[in-house]
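Engineer: So that we are looking at the same thing, I have put the structure below in structure tokens.
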Amino acid sequence: MTTENSEEAKKDISVFFPVYNDWGTIGSMVVTAISVLDRVARDYEIILVDDGSQAQTRGILEKINLFSDRVRVVYHERNQGYGRAIRTGIQESKYQYIFYTDADAQYDARELELLLPSMTEGVDIVNGYKIRRSDPLYRVIIGKLYHHITRLMFRFPIRDIDCDFRLMRKSIFDQVELESNSGVICVEMITKIHRAGFRFAEVGVHHYFRTSGKSQFFTFRRVFRVGIDLLKLWWKLVIRREESRRGRAGELL
0 MTTENSEEAK KDISVFFPVY NDWGTIGSMV VTAISVLDRV ARDYEIILVD
50 DGSQAQTRGI LEKINLFSDR VRVVYHERNQ GYGRAIRTGI QESKYQYIFY
100 TDADAQYDAR ELELLLPSMT EGVDIVNGYK IRRSDPLYRV IIGKLYHHIT
150 RLMFRFPIRD IDCDFRLMRK SIFDQVELES NSGVICVEMI TKIHRAGFRF
200 AEVGVHHYFR TSGKSQFFTF RRVFRVGIDL LKLWWKLVIR REESRRGRAG
250 ELL
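Residues 0 to 252 (numbering that gives the first Met the number 0) are what the sequence shown spells out, left to right.
What follows is the structure, encoded as structure tokens:
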């Protein structure tokens, strides 16, 4: 992995990880992030958004919080959903560029370095896509169905809506306001960013088997809930053409 090493090319980056019972992986994710940010960032912060995890994870987060003055933990006292954790991470970020990925180590935080060269003057968001999905076959099939259905419904421009490995300009969110609390936050985010006229680049990244914890998505109750949330979002953004833009409420894009 290589990128420009000159101080002029380095960026100030806020990195955040949504955390929910990721006690087995969050420590290594933070250490890995620090190792790459020390090399490629001019200045940086790491934000851990704990979405109401159990005591085991919270105990580890308290220790990580003492590890570096660049790391801080933001707590949700109760579980509010993946989308709410993403929104909190964006709100808490202070630097010009925001990078986030999940805390379960299915992505390698060092591959942030692969995204940086694509964040050029003409690009606002660099979205990763999985080179190969390392999941059981049923999850691969469901993931492909989810992508094709949502792309048909919302007409977003990227090839992998389910790849939470993104580098974005913070200024996007001066215009785009997110509202979802559930996992459909990614569809809402990409759809609104696209409609607001921001420009995308895409970079392939590696995807790994989950080594700790358990996915919260693949249960009947969760899938049903996501289906309902998608339909509500589709009705709002596609049929009624409603948007939430900061300072311009009610304006159609």
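Quick reminder that beta carbons are idealized off the backbone N, C-alpha and C, glycines included. Note that this is a predicted model, so its numbers are computed, not measured.
1) Once the 5 residues before and after residue 100 are set aside, which same chain residues still bring their CB inside 6 angstroms of it?
2) How far does the beta strand (DSSP E) with residue 97 in it extend, from its first residue to its last?
3) Rounded to whole angstroms, what is the Cα-Cα separation between residue 189 and residue 47?
4) Curious, which full-length alpha helix (DSSP H) runs of at least 4 residues does the segment 133–187 contain?
5) Rounded to the nearest angstrom, what separates residue 2 and residue 42 at their Cα positions?
6) Cβ atoms of residue 123 and residue 171: under 8 angstroms apart, would you say?
7) Taking only three categories from DSSP, how would you classify residue 85?
8) Measure the alpha-carbon distance for residue 239 versus residue 148 and round it to whole angstroms.
9) Under the rule that 16 or more other beta-carbon atoms within 10 Å means buried, what is residue 119, buried or exposed?
10) Three or more C-beta pairs closer than 8 angstroms, one from the segment 176–187 and one from the segment 81–93: is that the case here?
11) With DSSP run on the structure shown, which of helix, strand or coil describes residue 13?
Structural biologist: The relevant details are as follows:
1) 106, 163, 164
2) 96–100
3) 22 angstroms
4) 136–153
5) Only weak support exists for where residue 2 lies, its pLDDT of 45 falling under 50; the value from the coordinates is given anyway. Spanning the two alpha carbons is a distance of roughly 16 angstroms.
6) yes
7) helix
8) 19 angstroms
9) exposed
10) yes
11) strand
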